[in-house]
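Throughout, the numbering used here is defined as the position within the sequence shown, counted from one, plus 8. Even for Gly, the Cβ is constructed at its ideal location relative to N, Cα and C.
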Amino acid sequence: MNPIEALAADLGRALQLAGAHVTTAESCTGGGIAEAITRIAGSSAWFEAGFVTYSNEQKTRQLGVPAPLFEQVGAVSREVVEAMARGAQRGSGARFAVAVSGVAGPGGGSPEKPVGTVWLAWAVAERMFARRLQFTGDRQAVREQSVEAALVGLISLVNGENPLQG
Numbered sequence: 009m010n011p012i013e014a015l016a017a018d019l020g021r022a023l024q025l026a027g028a029h030v031t032t033a034e035s036c037t038g039g040g041i042a043e044a045i046t047r048i049a050g051s052s053a054w055f056e057a058g059f060v061t062y063s064n065e066q067k068t069r070q071l072g073v074p075a076p077l078f079e080q081v082g083a084v085s086r087e088v089v090e091a092m093a094r095g096a097q098r099g100s101g102a103r104f105a106v107a108v109s110g111v112a113g114p115g116g117g118s119p120e121k122p123v124g125t126v127w128l129a130w131a132v133a134e135r136m137f138a139r140r141l142q143f144t145g146d147r148q149a150v151r152e153q154s155v156e157a158a159l160v161g162l163i164s165l166v167n168g169e170n171p172l173q174g
């Protein structure tokens, strides 16, 4: 079992103990978090739904992200991933949510948001946590590191811990 599969299995055990479900709202990972979760046998008991909203239009249409946010702060921002997480919770009914938006590369970076910049948000009930991370490597490496960070944060949150610690 690779490290991402091990994390997804740990998440599944924690969610089963909590009697809760999780949902994902993904952009730069293209469904990679949901894929990792559903790779685990029995995940239908704790995985509710995954939203892959690559375009800003779909972030608004499927998740209810306010369109003006994209001009104000950009798609790769705290505000957008927090709105994505809330939209995924509303759309799925899941107690826990994770959302991700980032610049996986090789292009698309800027001085303010270079390639490897990723925002993650984790939500449970009314609580929300968000973090900006800076990953290195090629496109696949940035995506894999994003999936891993998303799962680590979810495990912490489900276990009653702050996902921003560690």
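Could you give the DSSP three-state label for Met9: helix, strand or coil? coil
Check for me: the beta strand (DSSP E) holding Ala138 runs from which residue to which? 135-142
Residue range of the unbroken beta strand (DSSP E) whose run includes Glu34: 30-34
7 Å Cβ shell around Thr144 - same chain, five flanking residues per side excluded: Gly124
Which whole-angstrom value is the C-beta distance of Ala138 and Leu128, which I expect to be below 8 Å? 7 Å
How many whole angstroms separate the CB atoms of Ala17 and Ile48, which I take to be in contact at a CB cut-off of 8 Å? 5 Å
Where does Ser100 land, buried or exposed, given buried means 16+ other C-beta within 10 angstroms? buried
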